[in-house]
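Numbering (the working numbering), first residue to last: 1 to 124.
All residues carry an ideal CB built from backbone N, CA and C; glycine is no exception.
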């Protein structure tokens, strides 16, 4: 017992520990897992692709990023590995399993020859 000014005071918890355990909100790992999985699902851009986008002055809106994401998901469902995604007048080479844009160009750039792809996805 604790002693306060010479008087022994018993410790009496307000809530039993069993009740505390039952009422505990479990947001730790489940919250992290869902956020982690969500981030893994997002499309990424390689450093090469980022440089190409900047050099070619290609800017993507949130809507266009969502369209690109949807196109990559469709390619993944079909078992594609390396896809050419055509959106308006912009071409993206995407490594589908890694969800990574490898490079990007606009129609009319260079010769527009694409090799080592196994699928093409057209999106608007």
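- Judged by their CB atoms, residue 82 and residue 96 are nearer to each other than the 8 Å cut-off.
- By the beta-carbon neighbour count (other beta carbons within 10 angstroms, threshold 16), residue 107 is exposed.
- By the Cβ test, the region 73-89 is not in contact with the region 49-58, since fewer than three Cβ pairs between them sit closer than 8 Å.
- Counting only residues of its own chain and dropping the five nearest sequence neighbours on each side, residue 103 has a CB closer than 8 Å to the CB of 46, 48, 49, 52, 92 and 93.
- For the options 121, 6 and 115, the alpha carbon positioned closest to that of residue 73 is the one of 121.
- Judged by DSSP in its simplified three-state form, residue 68 adopts helix.
- Taking residue 67 as the centre and dropping the five residues before and after it, the same chain places the C-beta of 87, 123 and 124 closer than 8 Å to its C-beta, in chain order.
- Across the set 71, 63, 89 and 41, the C-alpha of 71 shows the shortest separation from the C-alpha of residue 119.
- At a Cβ-Cβ threshold of 8 Å, residue 43 and residue 99 count as neighbours.
- For residue 105 and residue 69, the gap between their C-alpha atoms comes out near 17 Å.
- As computed with DSSP, residue 106 is found in a beta bridge with 90.
- Residues 84 of the same chain have their beta carbon placed closer than 6 Å to that of residue 114, with the five preceding and five following residues left out of the count.
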